[in-house]
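Written out below as structure tokens is the structure these notes cover.
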Amino acid sequence: VSPPLTAGLFVNPEGSYPIPSISVSPAGVIPVGGNVTIRCWHQRLGMRFLLYKAGVRNYLNYTDPAGSEAEFPIPSARREHGGNYTCRYSNRTDPAAYSEPSDPVQIIVAGEGPSPAPRLPAPHPARSMGGSSVPTTEVWSGAVW
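Letter by letter, the sequence shown follows residues 1 to 145 in UniProt numbering.
Okay, here's the thing in structure tokens:
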């Protein structure tokens, strides 16, 4: 009788480490072109920090600091830098073991997000079979994410 076959199953030991802390400086609305820094910290030494942005599947950046805190500077902030960020940390020698995500911090860059433009009348309204006027376009301006 052959031994039973076993398939390798990756078990994510998420939560193996305490949740890190996170802050953003300066707080509040950042003007386009301004500088902002995200800082993460925890109680363990020799860990790798990973920075995440909400809506982005993979981490944005990582660092291997000598101590137990990391800084992620964002020089010359652009509108697309706005959003919610979290960090987590992992063991450098065992990257499968990592912390739960930190609580989120929010970065708001002045002027971020789409804003509707005034509705413009269509220059040549489309006519339906009944002869009534139907607008053909809507115009929206703003950032495309």
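Ideal Cβ positions, reconstructed from N, Cα and C, are used throughout, including at glycine.
Check                                                                                         : Outcome
Per DSSP, cross-strand counterpart(s) of I30                                                  : V109
Per-residue burial, P75 [other beta carbons within 10 Å of its own, 16 or more giving buried] : exposed
Nearest to Y85 (by Cα), restricted to the options A66, H42, R78, V105                         : V105
Residue nearest to A110 in terms of C-alpha spacing, selected from G33, Y98, Y52, R92         : G33
R78 (DSSP reduced to helix, strand or coil)                                                   : coil
Touch test, the region 24-31 against the region 49-59, Cβ-Cβ under 8 Å, three pairs minimum   : no
Residues that DSSP places opposite L60 in a beta bridge                                       : Bridge partners of L60: none, in fact.
Rounded C-alpha distance that separates V24 from T37                                          : 6 Å
Cutoff 7 Å; reference N61; Cβ partners in own chain excluding five residues on either side    : L51, F72
CA-to-CA distance, E80 to L120, given in whole angstroms                                      : Note on L120: pLDDT 46, under 50, position unreliable in the model; the coordinate value appears next. C-alpha separation (whole angstroms): 27 Å.
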